[in-house]
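Here is the structure we will look at, set down as structure tokens.
Protein chains: 2
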Amino acid sequence: MKNQSKKKRPTILVSNDDGIDAPGIYYLAQELKKIGDVIVVAPDEQRSAVGHAITMNYPLRLKKFCKNGKFFGYAVDGTPADCVKLAVRKVLKINPDLLVSGINHGSNTAINIIYSGTVSAATEGTILGIPSIAVSLTTYDKPDFRYAAKFSRQLASYILKRSIPKDMLLNVNIPHLKEKEIQGIRITRQGKSRWDDTFDVRRDPNNKEYFWLTGKLDVVDSSEETDLISIFQKYVSITPIHFDLTDYKALAEIKTWKLEKALQPKSRKK
Amino acid sequence: MKNQSKKKRPTILVSNDDGIDAPGIYYLAQELKKIGDVIVVAPDEQRSAVGHAITMNYPLRLKKFCKNGKFFGYAVDGTPADCVKLAVRKVLKINPDLLVSGINHGSNTAINIIYSGTVSAATEGTILGIPSIAVSLTTYDKPDFRYAAKFSRQLASYILKRSIPKDMLLNVNIPHLKEKEIQGIRITRQGKSRWDDTFDVRRDPNNKEYFWLTGKLDVVDSSEETDLISIFQKYVSITPIHFDLTDYKALAEIKTWKLEKALQPKSRKK
């Protein structure tokens, strides 16, 4: 993917899944304005854990959104992936030089990547041929986005100056620490974890049951090369991810099963 | 993954994203009842293109659903992934021997896999350690689910009798043809395609704009080894997919960038 020419100020599309009014996207946009023209197109409200959803069964609307009395960006009543599609096709009408999604309040590592709306916005950018980054701050406490926003700007500058591999996005997770406490940067792989789901069962005023999803995360792979462990060890984690979901190892194994003989359609049987 | 003992009748969990009232899940359940005890837990209405969304911001409800005057299964006001979690944790309370998601009305091949709720139900099953299959019938016309349902039952029988690779699901696409017209079965990889999105712009009675997502699919990779092309060539396509999204090729390349030096946090600089 060829990025901006060195002369022109780059156009940077910003989205998220916490909603356009979330502090993370505000800090991110403010930092990125130092290096480019920033266009914000984000969901009108929180759309966490929406995965790579798109909206096909109802129409979308685009509204101007102000922050501190000034135009900040466009709010969409859809998912992060909808926002990116609409931004590129209807707001910008050409591909921006870069897309940055975030800064998410909470980590997007290991199994959580597949549920993440933050990552999904960056995936949609990559599908459209835009160099794309997803950024998350790994805390659920009251967040301080300052270092995460600064790092996002530094990484964005770096990416804008070079070519990056096709069909890939960078999933960045930043520990919730002061800059001087960060141990460094690691290029990682997606960790392995699983949710031990539980449902909190309650009863409504009419005595009917309802279920709240909750649970705790089990870490399955404790290698230092993973996103999850790097964060525990106070490193910024950068994971290149793609959307070819083929399990090539399993593919080789399944070919040996000779399924095409075992389950042959009637007509083909000799 | 160890499957059922040979003595016991297997328990098969069935879900989908077209909704519990869709004909595809009915044909599927009827066929699978020939080989096991079937439990249906599916969305109460269509949830297509929801990706791997889960519901955390509102509670879920589970309702008994009847079809032709008989109990058919449980309807959930959530996503396919929600249905699988709720089925395993609250309805069955143990893992079933197999999960089959479908039969989707429409294909789930190439880039569409990442948007698919049908695949997402099977992904959630795999995460929970259940051998899982997603099945789609590749037509948007009035569907005839008979061969697809029969094939699903044959494949389910086959899978129940053996171990399958861990952390993997089978994504099955079946051409909309009579059995005798099917050319055979192919073990495939996920194809490459991209949506050339367009938005149909309309105005509501108050003269406000709204946008309908539409578009056409461009096929990027025309190899016979892909799901998409196999379907065009009248083969049943079976693709093993996983959820380690790490792009290992890009990972090796990005490590050569020495990002950890270029973007070193302040404290680490010497």
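Protein chains in written order, with the working numbering: chain A, 1 to 270; chain B, 1001 to 1270. All residues carry an ideal CB built from backbone N, CA and C; glycine is no exception. Small disclaimer: the values here were computed from a predicted structure and weren't measured.
- Secondary structure within the region 202-227 of chain A: the beta strand (DSSP E) runs of 3 or more consecutive residues, fully enclosed, are 209-219 (chain order).
- With 16 or more neighbouring CB atoms inside 10 Å of its own CB, Asp247(A) falls in the buried class.
- When C-beta atoms of the region 1166-1181 of chain B are compared with those of the region 1204-1213 of chain B, fewer than three pairs fall below 8 angstroms, so the two segments do not count as touching.
- Beta-bridge annotation (DSSP): Gly184(A) is paired with Tyr235(A).
- Taken in chain order, the members of the region 182-200 of chain A whose beta-carbon sits within less than 9 angstroms of a beta-carbon on chain B are Ile182, Gln183, Gly184, Ile185, Arg186, Ile187, Thr188, Arg189, Gln190, Lys192, Arg194, Trp195, Asp197, Thr198, Phe199 and Asp200.
- Of Tyr1147(B), Pro1080(B), Tyr1026(B) and Pro1059(B), the smallest CA-CA separation from Gln1046(B) is found for Pro1080(B).
- With its beta carbon at least 8 angstroms from every one in chain A, His1176(B) lies outside the interface.
- Between Val84(A) and Ser107(A), the alpha-carbon positions lie close to 21 angstroms from each other.
- Residue-level contact by beta carbon holds for Gly1051(B) and chain A, with a gap shorter than 8 angstroms.
- Residue burial is scored here from C-beta neighbours: Tyr115(A) has at least 16 other C-beta atoms within 10 angstroms and is therefore classed as buried.
- Cβ proximity to chain A below 8 angstroms picks out Gln1046, Ser1048, Ala1049, Val1050, Gly1051 and His1052 from the region 1021-1052 of chain B.
- Residue-level contact check: Pro131(A) does not touch chain B, since none of the beta carbons of chain B fall below 8 angstroms from its beta carbon.
- Going by beta carbons, Ala252(A) and Tyr1158(B) fall outside the 8 angstroms limit.
- If the five residues before and after Lys63(A) are omitted, its C-beta is found closer than 6 angstroms to the C-beta atoms of Ala75, all from its own chain and listed in chain order.
- Here Val1050(B) carries a coil assignment [DSSP, helix/strand/coil].
- Spanning the alpha carbons of Thr11(A) and Ile103(A) requires a straight line of approximately 18 angstroms.
- Between the C-alpha atoms of Phe151(A) and Gly117(A) there is a straight-line separation of about 21 angstroms.
- Beyond the five residues adjoining it in sequence on each side, Arg1009(B) comes within less than 7 angstroms, by CB distance, of Gly1036 and Asp1037 in the same chain, given in chain order.
- Asp82(A) and Ala134(A) have their alpha carbons spaced roughly 16 angstroms apart.
- Chain order gives the chain A residues near Phe1151(B) as Leu263 and Pro265, where near means a beta carbon separation below 9 angstroms.
- Within chain A, no residue has its beta carbon less than 9 angstroms from that of Lys1161(B); the closest one is some 10 angstroms off.
- Pairing Ala22(A) with Pro1165(B) gives a Cβ-Cβ distance that is not under 8 angstroms.
- Pro1265(B): not part of any beta strand (DSSP E); DSSP gives it neither H nor E.
- Apart from sequence neighbours up to five positions away, the residues of its chain that approach Asp1196(B) with a beta-carbon distance below 6 angstroms are Gly1215, Lys1216 and Asp1218, ordered along the chain.
- At a cut-off of 8 angstroms between beta carbons, Ala1250(B) contacts chain A.
- Looking at the backbone, the Cα of Lys1067(B) and that of Ser1015(B) are separated by about 15 angstroms.
- Judged by beta-carbon spacing, Arg1186(B) lies beyond the 8 angstroms limit of Ser1223(B), meaning their Cβ atoms are not closer than that value.
- DSSP places Tyr1074(B) in no alpha helix (DSSP H) but in the uninterrupted beta strand (DSSP E) bounded by Lys1070 to Val1076.
- For Ser15(A), the pairing in a beta bridge is given by DSSP as Ser101(A).
- Within chain B, the residues placing a beta-carbon under 8 angstroms from that of Phe211(A) are Pro1059, Leu1060, Arg1061, Leu1062, Leu1086 and Lys1090, ordered along the chain.
- Between Leu13(A) and Leu86(A), the CB-CB gap reaches or exceeds 8 angstroms.
- Given a length threshold of 4 residues, each whole run of the alpha helix (DSSP H) inside the region 1089-1176 of chain B is given here in chain order: 1117-1127 and 1146-1160.
- The C-beta of Asp1227(B) has 16 or more other C-beta atoms within 10 Å across all chains shown, which makes the residue buried.
- Ranked by Cα distance from Ala1121(B), the options Gly1129(B), Leu1099(B) and Thr1256(B) are led by Leu1099(B).
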